[in-house]
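Working notes, beginning with the structure itself.
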Amino acid sequence: MKTRFIVTIGLAVLLSGGLALQVVAQDPAATLKKRQDFMKEYGGYMKAINEFVEKGNGTADDVKAKAAEIKEDSEEIPGLFPAGTSMDDGVGKTAAKKEIWDKPDDFKAAAENVGKLAAKLEEAAAGGDKQQIADAFADLGKNGCGGCHQTFRAKLN
Amino acid sequence: MAKTRRRILGGFAALFLAMLSAQPTVAADPAQLERGAYLFIAADCQACHTDVKNKGALLAGGRALKTPFGTFYSPNITPDPETGIGNWSDEDFIRALREGVSPEGDYFFPVFPYPSYTRMTDQDMRDLKAYLFSLPPVKQANKEHEVDFPFGWRFTLGPWQWMNFTSGPLPPDPSKSETWNRGAYLVQALGHCGECHTPRGWLGGTDDDYALSGTPDGPEGQKVPNITPDKETGVGGWEKADIVRVLRTGMLPDGDYAGDGMGETVDFSTSKLTDADRDAIAEYLLSLPPIENPDAKATRPGSAWE
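Protein sequences, first through last, are from chains A and B. Numbering (the numbering used here) for the first sequence: 234 to 390. Numbering (the numbering used here) for the second sequence: 9 to 314.
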């Protein structure tokens, strides 16, 4: 009886310990690298789409594929920012402002907005109209990427 | 008989009142309002005078601006006569922008960028005021600044002005093109770019020998990059189109998007300028003497960002 009690407590401690670890970043350095690589990839997509919009390099289909990637990946954004990985936490070089954790709902909404605006770009690209693509791209950049950076990212370098 | 006289008097009174209330509309013709609306965008009044974060009313003030000297709250600049600037004459408004002095004779703290706005022309100031007075008045009392001792003593601002401030409109440079001069006016006067991009001395005045070379200690503790055309640390490696693009869309040459203060500036101001004006800004910036500042580097085209 007593043994069973101890085992149960032990299991509970193990479980809750595991859960706590999941919420707080397990390895901040790896987290920072992961989200910086993610954002660099996003930057690459945006730059490539811009080449099409400004210079006509590539096709509307390329734009559509990249917009779809941005849309799908946007769901990962909130998960890239576990607690304890802000620029004030001393875990390495990061520009993530503490507002991300102070206003989690706003942050989530900003990430969702990226997905929504990317979906609009995907739709415009499917239609193939250059002006519509340019407008949807500008909207995604300024309000999706820039909108989130305005509140939640500091300037480094 | 008496009744008729009273009626006539009443008629005169009504006419007089109508003339009084009609005055502002007479002063502001549509062309002036249109010019004022554009100046309002170029001078980016909205970003500081609206508490956007807390969904405050347009231009009713209350936005907190954290500085090394304390926290300032922007004032109400709607035409409400009680809590805004509704009682200001054109001359009051010009004096505020040109000399940094309120109608009551108080010095403004230089968190209000009058050291830049002083370079505007009289006509632009009048047009801007006309536009502001065409917007809805909002009754919202101003919040007291929370300024650290002894910077809160307004009388110290007189000597401060004497040491740090030159009043007067920007003189055109006839040896340069019209586009260049327009760019200089947009950067130095309306856009007040130097208020963030120029480092400040210990008294909080901009250090104009290092104009636009960036600072690691910008407003709200932000790092503000060097926008002089230094090859290593500034925008010397940028194409003119790269500058135009960041102003129009916020996109930096490496695919990153400007955030924080510049994100706001793009949103409220530079994305709404004409193409010609963005071109003029780029041409002017790239013509400046390059200044090296490794503490506040600009994005380098082709570099990976962090």
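Each residue gets a CB set at the ideal place from its N, CA and C atoms; glycine is no exception. Predicted model, so just to flag it, every value in this text is computed and none were measured.
Neighbour list for residue 350(A) in chain B, Cβ cutoff strictly below 8 Å:
Chain B residues near residue 350(A): none, gap ~12 Å exceeds 8 Å.
Give a yes or no on whether the C-beta atoms belonging to residue 122(B) and residue 51(B) are separated by under 9 Å.
no
In this structure, does DSSP put residue 134(B) in helix, strand or coil?
helix
What are the start and end residues of the beta strand (DSSP E) that includes residue 78(B)?
78 to 81
Which stretch, first to last residue, makes up the alpha helix (DSSP H) that contains residue 288(A)?
261 to 288
Which residues, taken in chain order from the stretch 352 to 386 of chain A, show a beta carbon closer than 7 Å to some beta carbon of chain B?
371, 374, 375, 378, 379, 382, 383, 386
If you follow the alpha helix (DSSP H) that residue 73(B) is part of, which residue opens it and which one closes it?
Here residue 73(B) belongs to no alpha helix (DSSP H); instead the beta strand (DSSP E) covers 72 to 75.
Going along chain B in order, which residues have a C-beta closer than 7 Å to the C-beta of residue 392(A)?
For chain A, the structure presents residues 234 to 390; residue 392(A) sits outside this window and is missing.
First through last residue of the alpha helix (DSSP H) which encompasses residue 259(B)
Run containing residue 259(B): none; DSSP gives neither H nor E here.
Whole angstroms is fine: what's the gap from residue 381(A)'s alpha carbon to residue 283(A)'s?
19 Å
Could you work out which residues of chain B lie near residue 291(A), taking near to mean beta carbons separated by less than 8 Å?
None at all; the shortest Cβ gap to chain B is about 14 Å.
Contact check, residue 289(B) vs residue 255(B) under 8 Å by CB: the rounded distance?
6 Å
Backbone secondary structure at residue 301(B) - three-state DSSP
coil
List the residues of chain A whose Cβ lies closer than 8 Å to the Cβ of residue 250(B), in chain order.
Those do not exist, as residue 250(B) stays about 11 Å from chain A at its closest Cβ, beyond 8 Å.
Whose Cβ in chain B lies nearer than 8 Å to the Cβ of residue 323(A)?
Under the 8 Å cutoff, chain B gives no residues; its nearest Cβ is about 16 Å from residue 323(A).
Examine chain B for any beta-carbon lying closer than 9 Å to the beta-carbon of residue 346(A), and answer yes or no.
no
When DSSP builds the beta bridges, which residues end up paired with residue 155(B)?
78(B)
Taking all protein chains shown into account, do 16 or more other C-beta atoms lie within 10 angstroms of the C-beta of residue 307(B), making it buried, or fewer, making it exposed?
buried
Coil, strand or helix - residue 308(B) by DSSP:
coil
Which residues bound the alpha helix (DSSP H) around residue 85(B)?
First-last for residue 85(B): undefined, no H or E at that position.
In chain order, what residues of the same chain lie with their CB nearer than 7 Å to the CB of residue 176(B), ignoring the 5 residues before and after it?
126
Cβ-Cβ distance between residue 167(B) and residue 246(B) below 9 Å
no
Cβ-based burial, residue 254(A) [other Cβ within 10 Å; buried from 16]
A caution first: residue 254(A) carries a pLDDT of 39, below 50, which makes its placement in the model too unreliable to give a value.
Mind checking whether residue 305(B) and residue 240(B) have CB atoms under 9 Å apart?
yes
What residues in its chain sit with their C-beta under 6 Å from that of residue 216(B), if we drop five residues either side in the sequence?
none
List the residues of chain A that residue 274(B) touches, going by C-beta distances under 8 Å, in chain order.
375, 379
Check residue 33(B) in the structure and name its three-state DSSP category.
Caution applies to residue 33(B), whose pLDDT of 44 falls short of 50 and renders its modelled position unreliable; the value that the coordinates give is listed next. Helix at residue 33(B).
Where does the unbroken alpha helix (DSSP H) through residue 294(B) begin, and where does it stop?
283 to 295
With a CB to CB cut of under 6 Å and the five nearest residues on each side skipped, what residues in its chain are close to residue 339(B)?
There is no way to answer for residue 339(B), as the model of chain B reaches only from 9 to 314.
My parser needs the alpha helix (DSSP H) runs of 4 or more residues fully inside the stretch 318 to 357 of chain A; what are they?
332 to 335
At the level of alpha carbons, what is the spacing between residue 106(B) and residue 99(B)?
10 Å
Helix or strand or just coil, what does DSSP make of residue 241(B)?
coil
Counting only C-beta atoms, is residue 317(A) closer than 9 Å to chain B at any point?
no
Residues of chain B with CB closer than 7 Å to the CB of residue 276(A), please, in chain order.
262, 263, 264, 313
C-beta atoms of residue 49(B) and residue 277(B) nearer than 9 Å:
yes
Consider the Cβ of residue 300(B): report whether some Cβ of chain A lies at a distance smaller than 9 Å.
no
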